[in-house]
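What follows is one structure encoded as structure tokens, with my remarks underneath.
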Amino acid sequence: MSILGSLDLNDVFIVPFLKEPTLSTGIAAGAGGIVVLGALAVALLLTVKGWWKPLWSEWLTSLDHKKIGVMYVVLAAIMLIRGVLEAVVMRAQQVSPAPGFLSVEHHAELFSTHGTIMIFFVAMPFLTGVINVVMPLQIGARDMEFPFMNAVSLWLSVGGAALVMASLVVGHFETGGWTAYPPYTGIKLSPNEGVDYWIWSLALTSVGTTLSGINFAVTIYKQRAPGMDLMKMPIFAWTTLCTAILMIFAMMPLTVASFMLALDRHAGFHFFTASNGGNMMNFANMFWLFGHPEVYILILPAFGVFSHVIPTFSGKKLYGYTSLVWATIAIAVLSFTVWVHHFFTMGQTANLNAIFGIATMTIGVPTGVKVFNWLLTMWRGKLRFSTAMLFSAGFMFTFVIGGITGVMLANPTIDFATHNSLFLVAHFHNMLIPGLLFGMFAAVNYWFPLAFGFRLDETWGRRSFWFWMIGFYLAFMPLYAIGLMGAPRRMAFFTDPAYFPWLVVAMIGALCVLAGLTSQVIQIWVSVKNRESLMVPAGDPWDGRGLEWSLGCPVPEYDFTTVPHITSREPWVDAKAAGKRVMDPTEFVDIHLPKPTGMPILVAGVATVGAFALIFEMWLIAAVCFVAMWVLVLIRSYDTDWEETITAEELREGYEAHKRLVETTPKVSLDDEFTSKNRGLILEEAV
Amino acid sequence: MSATMTNTGAAGHSAPHDHGHHDKTSTVIFGFWIFLMSDLIAFSLMIANYADAEWHGIANGPSPHELFSLGLPTIETMALLISTFTFGLCTLGMKYGASMKRTVGWLVLTLALGAIFLGIELYEFHEFWTEGNTPQVSGFLTAYYSLVGLHGLHVTSGIIWGIILMVQMKHFGMNDLLKSRLVRLGLFWHMLDIVWIALFTKVYLMGVLS
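What follows is the structure, given as structure tokens:
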């Protein structure tokens, strides 16, 4: 075998099309072409504009939690575009006359990459990014506890995403869905590199996520502002803590299961094979021991976002803080007790199914508590329907429907009839689109000024909401219906004419969602163009309630000039009620911030090359990369000069400047919140 | 153990002018504890997988009863248990300001015992392998090699880590950073010992008895 392993010319994206030009291979070649041309276009733009250097020195090497967070969100946005486009292609496939324009394998690749991308490279980086930007600001920390490790996590996730993108250009992705159950994904039935793409891209990102979880948990336990005991923490910090604990415990089963699958495939082991004493059920169990807590990793941060957006735009304190905290903890604990409901039909006893079915329904209780908390927060509030608030309201409305179908599926007797059908597909999209995406969209619209200093355009934001909301209903309600009529999931095409009208509606829905996504791209574009009129330099553009809004926008590199002493749950509301426009300074002292370093991107880059080598069985290159990665870590361990100092004097000047700015910014009423009069921190208290 | 940690924690005030509300050394060690919890999940899953495979995964291969004897594993176990004791002496030496020579001496002894443990394990693997009992034979053998091998990989990385720390001690002297690193290696090493007790019981003792 050559040093290039199993890689050959047929793996290059354009070759299958040249050999056998069909619409299916053409789409594959086109997708690969978009990746290649897109990368070239970005490189060209950076070169022409001379942006390589600032990009490297200010972003790629940065250890600042806010910049790392923004880069996570950018990663999620890029991957979201691919994920939605894949969905549209699949919908188009199912409304075209059978057998459609995609080959069966190509369709299978599409639903596999769609699921893998949406979970691991959209949802996970999105929430990790938002947590990175916001959580330290909410608890009075100056950075994550381990900034270097934070950057390594980011770049490992980017590496994983890069591999999934590479699968469009070189070789194939797998066809076994995002869960990649063996024995189908074993070497006998899936001999090409597809499953290895899945294994190694997930290996990179799951290690990154485990490290993120450790980082978040330690930051919250050890870095809170003085006086902020756990029951004074903002809810978003609480949901982050629970998410972090889930990450610490739940990512490992995925890592272990995927390594075992790799050993089965390439070393002839028998963990999950159908012969020689392998047991494929062990994969299902381990995958869902990860997979179910994962659902709550995805959803808890969004719950945290809503718990801040809704009080802010209702002008009221969050209703039932304590019950919300305990509901969050209850969900986190229960999430480890329900994994079997993902395979009720795979042969355990009825009693075991009953136990897991009941445990599953139990999760509905704390979730229901939360919905009532948000509703009662809105009750008799003075509601302002900003984009963030619209997404939150849309979430509540839609999520409850998904919750109800979830309780239906939790009943094993119903699950036997509906499992593996489009009913299930409709259910989990009904949870994750409002429960994750709407939450993250709300978060971006709400907290955007913290990172960039200006608000996002409201007009395009609201348009994007309505497209997403209507698009969601059109795309997924039909799937409930035909799911109940018996349509199985993951089918390349249907021949039953009864499904056709429903599939057409779903297709229109997918286009509507695409319009929503386009509106968001336009929203960003318009906002950047009009950023002067959207600037909110004084901070707090929404009459916010959390500590993060006591800072100017954008938040300075050091976050806080002085870390405040916390005496209540809403210190910023108290300060504003006392007529203050800045928090009282405590004591100005020298602080240390981590210096930028290219090491994280280098470590993760080498790991990614190594992973690519493993996919194509280039064992020598993989081994060299593995050693090189640890040598880089070793080199870093010799570097003890990793901090730079910001003096007390600079912080005092920063504080004075911010105070002057705030005092000279004119007051504007809440009615002008979304106009260019809003320069931050100016809103009179809601009546 | 906890006394040692508190002490190193207190010694970790590298920046007395920083009135930040926490202490970096103890925080790093706390983070490492959390990492170890995550690592323990990997071992628990491997043990659960083994517990399934030793009954249902024998196929045409040998059963645990036919494969294992207690002689070599017992010696292995003793080597590892003693190494945990010598690592304890190393950390105590560091805590009470023993000479660097003595601290390093205990560390060398610890790593040597770890190497003996590994040597016996590899010898045993080699024996099984040459009898034709490779991991490709059955689900049980797959689970056995993977579980014991994963632990062995951990011991190997612990040994390499220890050697690197000794080199770094030579360069930096026994400063707070290295003390913190040594404490973390200690936590790692003791965890491997605890995991091994579980493995020895589950794999060898119960395997021979089955």
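Keeping their order, the protein sequence lines are chains U and G.
So for the first sequence, this note's numbering puts the first residue at 310; every next one is plus one.
So for the second sequence, this note's numbering puts the first residue at 850; every next one is plus one.
Backbone N, C-alpha and C define an ideal beta-carbon position, used for all residues, glycine too.
Amino acids of chain U, ordered along the chain, whose beta-carbon sits closer than 7 Å to that of residue i
i          : result
Gly1056(G) : Per Cβ cutoff of 7 Å: no residues; Gly1056(G) is ~15 Å from chain U at best.
Thr876(G)  : Glu454, Val527 and Lys531
Met883(G)  : Per the sequence shown, residue 883(G) should be read as Ile rather than Met. What Ile883(G) touches in chain U: Ile523, Ala526, Val527 and Ile557.
Thr979(G)  : Ordered by position in chain U, no residue passes the 7 Å Cβ test against Thr979(G), which lies about 18 Å from the chain.
Thr991(G)  : Phe578, His579 and Phe580
Ile907(G)  : Gly586
Cβ shell of residue i (< 6 Å), same chain only, five flanking positions each side left out
i         : result
Leu563(U) : Ser515 and Phe599
Leu826(U) : Val393
Tyr994(G) : Pro984
Phe430(U) : Met388 and Ala470
Ala636(U) : Pro675, Val678 and Lys679
His871(G) : Because His871(G) carries a pLDDT of 49, less than 50, the predicted location of this residue cannot be relied on, and no value is offered for it.
Ala477(U) : In the sequence under discussion, the amino acid at residue 477(U) is Leu, which differs from the Ala named in the question. Excluding residues within five positions, the ones whose Cβ falls inside 6 Å are Ala340, Gly341 and Val344.
Close-in-space but distant-in-sequence residues of the same chain around residue i (CB under 7 Å, 5 per side omitted)
i         : result
Phe761(U) : Pro863
Ser315(U) : Glu502, Phe925 and Glu926
Arg400(U) : Ala815, Met816 and Ala819
Glu972(U) : Arg890
Ser701(U) : Phe615, Val618, Ile619 and Ala751
Pro911(G) : Asn982
Length of the line joining the Cα atoms of residue i and residue j
i          : j          : result
Met749(U)  : Val614(U)  : 8 Å
Ile791(U)  : Asn594(U)  : 29 Å
Leu970(U)  : Met556(U)  : 41 Å
Phe326(U)  : Tyr972(G)  : 53 Å
Leu1027(G) : Gly1011(G) : 11 Å
Trp882(G)  : Leu1036(G) : 8 Å
His650(U)  : Phe747(U)  : 26 Å
Pro787(U)  : Ala931(U)  : 47 Å
Ser948(G)  : Gly942(G)  : 8 Å
Ile890(G)  : Phe884(G)  : 10 Å
Ala908(U)  : Ile440(U)  : For the record, residue 908(U) in the displayed sequence is Met; it is not Ala. Those two C-alpha atoms are separated by around 23 Å.
Lys904(U)  : Ser946(U)  : 15 Å
Ile900(U)  : Tyr867(U)  : 8 Å
His1003(G) : Asp888(G)  : 10 Å
Met1040(G) : Met886(G)  : 10 Å
Ile969(G)  : Ala928(G)  : 10 Å
Leu465(U)  : Ala913(U)  : 5 Å
Phe706(U)  : Thr494(U)  : 38 Å
Partner residues on chain G for residue i, Cβ-Cβ distance less than 7 Å
i         : result
Val634(U) : Under the 7 Å cutoff, chain G gives no residues; its nearest Cβ is about 21 Å from Val634(U).
Thr949(U) : Leu1026
Same chain, Cβ closer than 8 Å to residue i, five either side skipped, listed in chain order
i          : result
Met474(U)  : Val344 and Arg391
Ile428(U)  : Trp487, Glu603 and Leu607
Leu364(U)  : Leu355
Val877(G)  : Ser1029 and Arg1033
Ser918(G)  : Val1057
Asp981(U)  : Asn987
His1000(G) : Phe892, Leu1041, Val1044, Trp1045 and Leu1048
Beta-carbon separation (whole angstroms), residue i vs residue j, contact threshold 8 Å
i         : j          : result
Leu731(U) : Arg798(U)  : 5 Å
Gly997(G) : Val1052(G) : The amino acid occupying residue 997(G) in the given sequence is Val; Gly does not appear at that position. With a Cβ gap of about 7 Å, Val997(G) and Val1052(G) count as contacting.
Leu627(U) : Thr686(U)  : 5 Å
Ile875(U) : Gly536(U)  : 4 Å
Glu414(U) : Thr370(U)  : With a Cβ gap of about 41 Å, Glu414(U) and Thr370(U) do not count as contacting.
Where residue i meets chain G, residues with beta-carbon distance less than 9 Å
i         : result
Pro562(U) : Ile890, Ala891 and Leu894
Thr519(U) : Phe884 and Ser887
Met595(U) : Leu894, Ala897 and Asn898
Contacts that residue i makes with chain U (C-beta to C-beta distance below 9 Å)
i          : result
Ser1059(G) : Ordered by position in chain U, no residue passes the 9 Å Cβ test against Ser1059(G), which lies about 16 Å from the chain.
Ala902(G)  : His579, Phe580, Gly586, Gly587, Asn588 and Asn591
Gly880(G)  : Glu454, Phe455, Met458, Ile523, Asn524, Ala526, Val527 and Lys531
Beta-carbon neighbours of residue i, restricted to chain U and to distances below 8 Å
i         : result
Gly844(G) : For residue 844(G) there is no data in the structure shown, the boundaries of chain G being 850 and 1059.
Under 8 Å from the C-beta of residue i: neighbouring residues of chain G
i         : result
Gly577(U) : Pro984 and Gln985
Leu943(U) : Ile1013
Thr484(U) : Neighbours of Thr484(U) on chain G: none; closest Cβ ~25 Å, over 8 Å.
Problem - Entirely enclosed alpha helix (DSSP H) segments - the segment 513–578 of chain U, minimum 4 residues - result: 544–576
Exercise for the section: Pick out the complete alpha helix (DSSP H) segments inside the segment 894–919 of chain G, 4 residues or longer, and give them in chain order. Expected result: 913–916
Exercise for the section: Can you check the segment 596–638 of chain U for any alpha helix (DSSP H) of at least 4 residues that lies completely inside it and give the ranges in chain order? Expected result: none
Practice task
Kindly provide the ranges of any alpha helix (DSSP H) runs that are 4 or more residues long and lie completely inside the segment 712–769 of chain U, ordered along the chain.
Solution key: Given a length threshold of 4 residues, each whole run of the alpha helix (DSSP H) inside the segment 712–769 of chain U is given here in chain order: 721–727, 731–741 and 748–761.
Practice task
Jot down the residue ranges of each uninterrupted alpha helix (DSSP H) in the segment 762–824 of chain U, minimum 4 residues, whole runs only, in chain order.
Solution key: 767–793
Practice task
Enumerate, from N- to C-terminal direction, the unbroken alpha helix (DSSP H) stretches of 4 or more residues contained entirely within the segment 442–494 of chain U.
Solution key: 456–478
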